[in-house]
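The next block holds one structure in the form of structure tokens; read it before the comments.
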Amino acid sequence: MSKGVLVDLTKCIGCGSCSVACKMWNALPYSQTSQQQGSNLDADTWTVINRAEVKKDNEPAWRFIKYQCLHCDEPACASACFSKALKKTKEGPVVYDVSLCVGCRYCMLACPFNVPKYEWDKAFPEVRKCQMCANRVYNGDSPACVSVCPAGALTYGEHKTILAMAREKINGDGGYVKHIFGEKEAGGTSWLYISDIPFENLGFRTNVTTKPLPEYTESILGLTPAVGLSWGALLTGMYVYNRRRNEIAKEKEKPGNK
Amino acid sequence: MADQGKWHFTMTPTRKLLLLLGLLGVLGMVYRLVAGLGSATNLNDQWPWGMWIGFDVLTGVALAGGGYSTALIVHILGVKKYSPIARSALLTSLIGYLLVMAGLFMDIGRWFNFWRPFVSWGYTSVLFEVFWCVSLYTMVQLLEFGEIATEKVKKGWHNLFKKMLPALLIIGVLLPTLHQSSLGSLYVIEVGKLYPLWWSMLLPVFFLMSSFFVGPAMVTVETFLGARAHGHKPDISLLQSFIKISGYVMLVYLLLKVVDLYYRGAAGLVFAGNLEGNLFLLEMVCGVLIPIIICFTPQLRNSVSGLVTFGVLVVSGVILNRMNVVFTGMADFMGGAYFPSVIEWLVTIGLIAIGVLGYLFIVENFHILPSHTPGQAATTVDRVKTKTASA
Chain A
6 MSKGVLVDLT
16 KCIGCGSCSV
26 ACKMWNALPY
36 SQTSQQQGSN
46 LDADTWTVIN
56 RAEVKKDNEP
66 AWRFIKYQCL
76 HCDEPACASA
86 CFSKALKKTK
96 EGPVVYDVSL
106 CVGCRYCMLA
116 CPFNVPKYEW
126 DKAFPEVRKC
136 QMCANRVYNG
146 DSPACVSVCP
156 AGALTYGEHK
166 TILAMAREKI
176 NGDGGYVKHI
186 FGEKEAGGTS
196 WLYISDIPFE
206 NLGFRTNVTT
216 KPLPEYTESI
226 LGLTPAVGLS
236 WGALLTGMYV
246 YNRRRNEIAK
256 EKEKPGNK
Chain B
331 MADQGKWHFT
341 MTPTRKLLLL
351 LGLLGVLGMV
361 YRLVAGLGSA
371 TNLNDQWPWG
381 MWIGFDVLTG
391 VALAGGGYST
401 ALIVHILGVK
411 KYSPIARSAL
421 LTSLIGYLLV
431 MAGLFMDIGR
441 WFNFWRPFVS
451 WGYTSVLFEV
461 FWCVSLYTMV
471 QLLEFGEIAT
481 EKVKKGWHNL
491 FKKMLPALLI
501 IGVLLPTLHQ
511 SSLGSLYVIE
521 VGKLYPLWWS
531 MLLPVFFLMS
541 SFFVGPAMVT
551 VETFLGARAH
561 GHKPDISLLQ
571 SFIKISGYVM
581 LVYLLLKVVD
591 LYYRGAAGLV
601 FAGNLEGNLF
611 LLEMVCGVLI
621 PIIICFTPQL
631 RNSVSGLVTF
641 GVLVVSGVIL
651 NRMNVVFTGM
661 ADFMGGAYFP
671 SVIEWLVTIG
681 LIAIGVLGYL
691 FIVENFHILP
701 SHTPGQAATT
711 VDRVKTKTAS
721 A
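For the protein sequence lines, the chains are A and B, in the order given.
Everything in the first sequence is counted per my numbering, starting at 6 for the first residue and increasing by one.
Everything in the second sequence is counted per my numbering, starting at 331 for the first residue and increasing by one.
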């Protein structure tokens with residue numbers, strides 16, 4: 006049912022094939038800056054490889070971190086969208102429908118990983134981010150980036166299967182840190198990461214809440230009908246009571262007043 | 331003044347300047363619609379929301395809170411002694427909301443899709459509630475104003491509007507209560523992104539309370555500005571008792587803020603000496619603490635300077651609070667840099683100028699200020715001793 010991708014950071018060689026495949030499949034324009042490692046996501050760059058210079062056994066080491074939309078199980082962006090332009094599909098990808106988009110950009114603010122980007126230079130801009138090659142996924146193919154990885158760093162499959170695979174890997178090999186990034190972060194994501202270097206040293210947002218973000222909003226919005234109804238009833242009651250009181254007061258004053 | 335069918339609008343140098351600013355604003359808006367957000371604004375991927383959302387919308391709605399707080403006090407709770415204030419508070423609020431709608435329209439990228447949320451039914455979004463409430467409330471206020479307008483034009487409709495008024499008044503307090511708090515709820519999803527001095531599950535409560543207590547402060551500021559423009563003396567005794575309502579709400583607000591900071595373990599950050607800590611202190615001391623002291627010291631509260639200081643401090647405090655939530659509190663996480671572009675400034679200033687001109691025009695042509703309703707509230711008229719500029 007729900008698909009996912011496991012990124013094994015110990016295997017990534019930083020070749021950049023995935024980002025080229027992404028550009029080609031999605032017909033995204035190239036620019037000089039977006040080719041460089043470590044450049045950020047933007048409207049035309051849906052996946053990047055960041056390079057982290059770290060220490061491994063007291064020796065300097067490089068790690069390459071593929072970054073793209075993590076496709077949360079309960080996406081904050083989709084819950085924040087008041088026109089339902091963003092939604093989580095049952096196959097896994099969080100996809101965008103431009104025909105519904107108003108362009109409020111609340112999704113960009115809501116995303117815990119700052120993934121959605123905007124076409125600032127267009128008169129009618131779109132929100133842009135990795136769609137997990139949704140059409141390929143619907144047809145049983147892997148996303149374009151996964152299909153070209155020559156190093157075996159990306160594994161596509163059933164979310165349950167790749168999660169089990171990740172557990173097996175980190176428990177079987179002492180080299181891995183005992184943490185699957187994306188298993189619990191933001192309530193769980195379709196993309197999972199395993200690594201031999203602690204994630205906080207690789208630029209991951211490790212302090213992100215593990216409670217699904219939409220739940221924060223729901224706990225408040227859920228109160229709205231009750232608050233609205235009781236407050237409305239109270240206001241009506243007070244209005245009627247005070248109007249009657251003022252009328253009575255006026256009648257008592259009547260003989261003296263005009 | 332209330333002569334029928336005649337329209338007054340005396341041009342003064344200030345008004346000519348406002349007109350010029352308004353025209354520049356309109357030009358800025360046209361440019362934004364044609365050229366797009368990227369070339370008109372300094373917004374970027376780190377700062378998707380800037381001055382138009384932060385100031386024009388979030389702060390604008392809060393400052394227009396005077397409309398619903400006055401309506402609650404005068405019409406629902408039936409405290410009739412404040413009724414001379416009610417109409418001007420409604421008018422400011424109505425104009426405020428129209429400006430908010432204009433600002434919002436400028437800010438959305440695909441404005442031709444503005445109606446989508448009405449049919450998409452994206453009820454999981456706080457913005458959905460805000461959108462519905464703000465649109466409906468603007469309509470309710472237009473209808474409420476209809477009751478005033480039909481005193482002068484289309485008089486045949488007046489009785490109909492008068493009949494609708496009770497329902498409008500109740501809905502007109504209910505809706506703002508919901509969306510003023512929802513504007514705070516918007517930032518609840520920024521958990522871990524918004525600096526802990528401002529992020530709280532109580533954000534909706536804080537936004538609601540501050541939009542309520544800024545009401546009387548805003549009315550005070552407007553009354554003094556209006557009095558200067560129209561050359562009459564403001565009713566100090568009325569205002570000094572009116573701001574006490576703010577004072578009590580601010581006391582609860584302050585207490586709740588302190589309790590909340592300790593409960594979340596964020597109290598230590600207040601005196602951390604960093605930008606966030608200092609701006610939070612500024613907001614709380616100048617915008618809440620000092621006004622409370624003014625409010626509960628009779629000598630200060632009964633003086634013109636005390637009242638004006640109170641009004642200016644509370645209004646500035648609420649503006650700073652909203653700016654802190656939108657900018658200061660998000661800066662650390664978002665990174666990058668943002669400062670509004672020339673066009674963003676022109677549009678914001680232009681909208682305010684248009685609002686002020688609209689207010690002046692309506693005040694001078696409809697029964698808004700107590701002086702314009704002779705016979706109905708004779709005592710108030712005596713106290714206010716109005717001489718309108720146009721009369």
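Yeah, the Cβ is synthetic: ideal placement off N, Cα and C, and Gly gets one too.
The model shown is predicted, which means the values in this text are computed figures rather than measured ones.
The C-beta of residue 447/B comes closer than 7 Å to at least one C-beta of chain A. Taking a C-beta distance under 7 Å as the contact criterion, residue 425/B and residue 688/B qualify as a contact pair. By the criterion of a C-beta distance shorter than 8 Å, residue 623/B is surrounded in its chain by 630, once the five residues flanking it on both sides are discounted. For residue 236/A, the enclosing alpha helix (DSSP H) has its first and last residue at 229 to 258. Counting along the chain, residue 487/B sits inside no alpha helix (DSSP H), nor does DSSP assign it H or E at all.
About 5 Å separates the beta carbon of residue 376/B from that of residue 664/B, a gap short enough to meet the 8 Å contact definition. Among the residues of chain B, those whose CB is under 7 Å from the CB of residue 86/A are 452 and 455, following chain order. In this structure, DSSP gives residue 558/B a helical state, which the three-state scheme calls helix. Relative to the Cα of residue 674/B, the nearest Cα in the group 355/B, 337/B and 561/B belongs to 355/B. At a Cβ-Cβ threshold of 7 Å, residue 161/A and residue 10/A count as neighbours. Residue range 413 to 437 is occupied by the alpha helix (DSSP H) that includes residue 416/B, with no beta strand (DSSP E) assigned at that position. Residue contact with chain B for residue 110/A: present (Cβ-Cβ distance below 7 Å to some residue of chain B). For residue 456/B, the closest alpha carbon among the candidates 247/A, 224/A, 217/A and 258/A is that of 224/A.
The region 213 to 233 of chain A makes contact with the region 112 to 125 of chain A; the number of CB pairs closer than 8 Å reaches 3 or more. Listed in chain order, the positions of the region 360 to 392 of chain B with a beta carbon within less than 9 Å of a beta carbon of chain A are 363, 364, 365, 366, 367, 368, 369, 371, 373, 374, 375, 376, 378, 379 and 383.
Counting C-beta pairs with one atom in each stretch, the region 490 to 498 of chain B and the region 378 to 387 of chain B have fewer than three that are closer than 8 Å, which means they do not touch. Distance between residue 585/B and residue 537/B, taken at the CA atoms: about 15 Å. Looking at the DSSP output, residue 122/A bridges to 133/A.
Only residues of its own chain outside the window of five on either side were considered, and among them 191 and 194 have a CB closer than 6 Å to the CB of residue 77/A, listed in chain order. Taking the Cβ atoms as the reference, residue 222/A lies roughly 36 Å from residue 672/B, outside the contact range of under 8 Å. Per DSSP, the beta bridge partners of residue 163/A are 8/A. Looking only at 358/B, 541/B, 560/B and 548/B, the smallest Cα-Cα distance to residue 421/B is reached by 548/B. Among the CB atoms of chain B, one or more fall inside 7 Å of the CB of residue 115/A.
Bridge partners of residue 58/A according to DSSP: 67/A. Residue 516/B and residue 509/B have their C-alpha atoms spaced approximately 10 Å apart. For the 7 Å CB-CB criterion, residue 439/B and residue 387/B do not form a contact. Against chain A, a Cβ distance below 7 Å from residue 519/B picks out 81, 85, 115, 218, 221 and 222.
Partner residues in the beta bridge of residue 196/A, as assigned by DSSP, are 10/A.
Residue 467/B sits in a helix when the DSSP states are folded into three classes. For residue 405/B, the residues of chain A that pass the 8 Å Cβ criterion are 244, in the order they occur in the chain. At least one CB atom of chain A sits nearer than 7 Å to the CB of residue 515/B. Residue-level contact by beta carbon holds for residue 214/A and chain B, with a gap shorter than 7 Å. In the DSSP assignment, residue 74/A forms no beta bridge with any residue. The beta-carbon distance between residue 132/A and residue 23/A, rounded to whole angstroms, is 22 Å. This is too long to meet the 8 Å contact definition.
Per DSSP, reduced to three states, the secondary structure at residue 678/B is helical. Nearest CB-CB separation between residue 128/A and chain B: below the 7 Å threshold.
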